[in-house]
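So for the sequence shown, the numbering used here puts the first residue at 688; every next one is plus one.
The C-beta atom is built at its ideal place from N, Cα and C for all residues, glycine as well.
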Amino acid sequence: MKKNIFLLSIMIIIGTSALAKSDTKNDNPFFKKWKTPYETPPFNQIKPEHFLPAFQEGIKLEKNEIDAIINNNQKPSFKNTIEALEKSGSFLDRVNRVFGGLSGANTNEELQKIARTITPMLSKQRDDISLNPKLFDRIKVLYAERDKLKLSPEQITVLDNYYTNFVRSGANLNDEGKEKLRKINEELSMLSLKFSENSLKETNAIGLVIDNKDDLAGLPDDVVKAAAELARSKKMEGKWAFSLQKPSFIPFLQYSTKRDLREKLFKAYVNRGNNHNEYDNNKIVSRITSLRVSRANLLGYKTHADFVLERNMAKNSGAVYNFLNLLWKPAIKRANAEAADMQKIIDAEHGNFKLAAWDWWYYAEKVKKEKYALDESMLRPYFKMENVRAGAFEVASKLYGIKFKERNDIQVYNPDVKVFEVTEAGGKHIGIFYSDYFPRDGKRSGAWSSGFRGQSNIGGKFITPLVYNVGNFSKPTGDKPALLSIDEVNTLFHELGHALNSLFSNTTYPGGKSVPRDFVELPSQIMENWALEPEVLKMYGKHYQTGKTIPDELIQKIENAKLFNQGFETVEYLAASFLDMDWHTLADTNERDVQKFEHDAFAKIGLIPEIETRYQSTNFSHMIQGYSAGYYSYIWAAVLDADAFQAFKETTLFDRKTAAAFRNFVLAKSGTEDAMTLYKKFRGREPKVDALLIRRGLN
Ligand SMILES: [Zn+2]
688 MKKNIFLLSI
698 MIIIGTSALA
708 KSDTKNDNPF
718 FKKWKTPYET
728 PPFNQIKPEH
738 FLPAFQEGIK
748 LEKNEIDAII
758 NNNQKPSFKN
768 TIEALEKSGS
778 FLDRVNRVFG
788 GLSGANTNEE
798 LQKIARTITP
808 MLSKQRDDIS
818 LNPKLFDRIK
828 VLYAERDKLK
838 LSPEQITVLD
848 NYYTNFVRSG
858 ANLNDEGKEK
868 LRKINEELSM
878 LSLKFSENSL
888 KETNAIGLVI
898 DNKDDLAGLP
908 DDVVKAAAEL
918 ARSKKMEGKW
928 AFSLQKPSFI
938 PFLQYSTKRD
948 LREKLFKAYV
958 NRGNNHNEYD
968 NNKIVSRITS
978 LRVSRANLLG
988 YKTHADFVLE
998 RNMAKNSGAV
1008 YNFLNLLWKP
1018 AIKRANAEAA
1028 DMQKIIDAEH
1038 GNFKLAAWDW
1048 WYYAEKVKKE
1058 KYALDESMLR
1068 PYFKMENVRA
1078 GAFEVASKLY
1088 GIKFKERNDI
1098 QVYNPDVKVF
1108 EVTEAGGKHI
1118 GIFYSDYFPR
1128 DGKRSGAWSS
1138 GFRGQSNIGG
1148 KFITPLVYNV
1158 GNFSKPTGDK
1168 PALLSIDEVN
1178 TLFHELGHAL
1188 NSLFSNTTYP
1198 GGKSVPRDFV
1208 ELPSQIMENW
1218 ALEPEVLKMY
1228 GKHYQTGKTI
1238 PDELIQKIEN
1248 AKLFNQGFET
1258 VEYLAASFLD
1268 MDWHTLADTN
1278 ERDVQKFEHD
1288 AFAKIGLIPE
1298 IETRYQSTNF
1308 SHMIQGYSAG
1318 YYSYIWAAVL
1328 DADAFQAFKE
1338 TTLFDRKTAA
1348 AFRNFVLAKS
1358 GTEDAMTLYK
1368 KFRGREPKVD
1378 ALLIRRGLN
């Protein structure tokens, strides 16, 4: 089926290349107004060959718009400069957002090829704007006069962000410096693209093939079935295959009694990007981190972390290290206790070996059974994806009064994608929400939230957002629907939290917003707090066959097990955060042996051999893309989310007044004011770390 589509599109390319250029425009949906519901992307009409001409046109139009701003003879005003900048680039933004969405969730070789072509073009375009001296002159004039311009608080923030972002992008450099910066940016964007292509290849690789039935020992039926289906899809009929995507890899580690096979699969997972093949990321990581130092130096900072952190709540690397160290000691203590529990089981079974990293999931599962009488497979039947999603929607409804209605008339890029219209209690349209939860070859690993269109309200023209959540959750297998793990349930709630942040956005100028990286996970992580509350579990935890509500006894077990494995999870995460900080506090541009650097980083903090973090430099996409010197943000934001959730616990789980304050001050206004100021407006005080320590058993 896929092959046919591919052939068809080649034929179209051949067909259109013979036609005049104007005809290309005529059937390219990016050159038209979308007459779809809420102007959602017409995915049925969008073909790969439409992107390049649309990108070219978008770049050209944006360039013209910028020229018009620069060549305006009137003296700079907020309206003719900042507001005009906010309005510019809308054609390009529309193309780029659709392309970005497909590149992450539904890519193929054609799209990857286009990405390689347009990445340097877009990098150049961004630099052409941010390094434009005439444009910066206008912004500088406004910035100097900002107190006299009678601006609203949001306008002041926006102007301040523009000025700061221009300076941070090199606007104050001389011509030679600007040229250097352009080269660095272009190389960085290409390396980052190559890194993600390599990661995708290595994650989709088959980590383990089993042809002997005995080697399936311990695996639940549905895991075996999924492995058989994967093998069949890879033309290995009659065998069982395990990929390095989480839904395939984690259950194998949890249940397989074959220690040597667990080791094999685990090593394949952590070695992604480190296999000395054409997809190796070692050199790329070394080069990227070196280039980041060069860029920081050029812009007047000692390290990349200094450059990144001044815009975050943490402000500097000392504050981040202090914070990570504060958590490290109690976390490693707890992890050691967890390892001891597992070693006890191994010894009782006369295992005669020391617990290793690839044993952790297997024995953790046993501890869970022994200590908490809880087995993940007892829970999955109550976590049918559709029910969990409906549960997450219901939580949002109870908090904010909003409604979700499935829409079958809105086009999607893959049949797995489901679309919902989100409205206020009174029926007023808020935006569109797409969910795309199952893994496939063209999707990168992990889960994320983004949008095909952002909210804005320039000149009183309110634009509603189109938001999507993408995940890689357990798929339906055979006759069974998609039954999620607890981890996946949490992730689904988490991503919906990001989506609500985008859906509730109520700001005028989207481009001038600046949400600190260590604040952005607050809206998402707070949602995870509701996911496993007994009252909420009863709302959505229905057995997929009988429809019966999850029994109290099972809910109690989940409650009892809430601290289970928290030592491991915190240590694994903190180790990755330290690694990220170590890479980005380098002050020299020397290229490095990535494996040695990483080994030293983990040795320095005293990471125990029983825990090998799954986030390693050659496949640590967060560190390369978007979260450099920022992986700590998740636990920084966890202080905020635990403290914020406490506000609900102090009243009621669905307290409307508290929810309204959270929506109005935090979700709707993210990025329009200082993050701590917004938080204090919601909470009435600064956040305290206590709630997080208690939640993780680290107190
Ligand atoms: Zn997140």
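- For Ser1315, the secondary structure class from DSSP, reduced to helix, strand or coil, is coil.
- Counting only the Cα atoms, Leu860 lies some 43 Å from Asp1123.
- For Ser1211, the Cβ falls inside the 7 Å cut-off from some heavy atom of ligand 1.
- Fewer than three pairs of CB atoms, one per stretch, sit closer than 8 Å, so the segment 906-924 makes no contact with the segment 876-890.
- When DSSP states are grouped into helix, strand and coil, Arg1301 belongs to the coil group.
- In the three-state reduction of the DSSP assignment, Val1176 falls in the helix class, which pools H, G and I.
- At a cut-off of 7 Å, the beta-carbon of Glu1215 does not count as near ligand 1: no heavy atom of the ligand is closer than that.
- Using a cutoff of 7 Å, the CB of Glu1256 does not count as near ligand 1, since none of the ligand's heavy atoms is closer than that.
- Around the C-beta of Asn964, fewer than 16 other C-beta atoms lie within 10 Å, and the residue is accordingly described as exposed.
- With contact defined as three or more Cβ pairs closer than 8 Å, the segment 1186-1206 and the segment 996-1004 are in contact.
- Collapsing the DSSP output to three states places Thr1110 in a strand.
- Along the segment 794-839, the alpha helix (DSSP H) occurs as fully enclosed runs of 4 or more residues at 796-817 and 820-831, listed in sequence order.
- Between ligand 1 and the CB of His1309, the shortest heavy atom gap is not smaller than 7 Å.
- In the structure shown, Ile733 falls within a coil segment according to DSSP collapsed to helix, strand and coil.
- By the neighbour-count criterion, in which a residue is buried when 16 or more other Cβ atoms sit within 10 angstroms of its Cβ, Ala755 is exposed.
- For Trp927, the enclosing beta strand (DSSP E) stretches over residues Trp927 to Ser930.
- Here the C-alpha atom of Gly1118 lies approximately 33 Å from the C-alpha atom of Gln1232.
- For Glu1208, the distance from the CB to the nearest heavy atom of ligand 1 is below 7 Å.
- At a threshold of 7 Å, His1181 counts as near ligand 1, since its beta carbon sits closer than that to one of the ligand's heavy atoms.
- Here the C-alpha atom of Thr1276 lies approximately 17 Å from the C-alpha atom of Gly864.
- In the DSSP annotation of this structure, the continuous segment of the beta strand (DSSP E) that includes Asn1144 starts and ends at Ser1143 to Ile1145.
- Annotated as distal: Trp1047 and Phe1307, with beta-carbon spacing of 8 Å or more.
- If you draw a straight line from the Cα of Met1363 to the Cα of Val1353, it is about 10 Å long.
- Val1106 sits close to Arg1094, with the two beta carbons spaced by under 8 Å.
- The segment 728-742 makes contact with the segment 784-803; the number of CB pairs closer than 8 Å reaches 3 or more.
- Judged by DSSP secondary structure, Gly1165 falls outside any beta strand (DSSP E); it is assigned neither H nor E.
- Per DSSP, the beta bridge partners of Tyr1121 are Val1106 and Tyr1155.
- Here Glu1208 is buried, its C-beta having at least 16 other C-beta atoms within 10 Å.
- Considering only Ala1331, Pro716, Leu829 and Ser817, the residue with the shortest C-alpha distance to Phe778 is Pro716.
- Scanning Leu903, Arg982, Ser775 and Lys951 for the CA closest to the CA of Lys870 turns up Arg982.
- Assignment of Phe1091 by DSSP, reduced to helix, strand and coil, places it in the strand class.
- The shortest C-alpha to C-alpha distance from Glu797 to any of His737, Ser1315 and His1271 is the one to His737.
- Leu1170 sits in a strand when the DSSP states are folded into three classes.
- With contacts defined as CB atoms closer than 8 Å, Asn1159 and Ser1132 qualify as a contacting pair.
- Within 10 angstroms of the beta-carbon of Ala1290 lie fewer than 16 other beta-carbons, which makes it exposed.
- With a cut-off of 8 Å on Cβ pairs, the segment 938-955 is not in contact with the segment 1271-1285, counting fewer than three such pairs.
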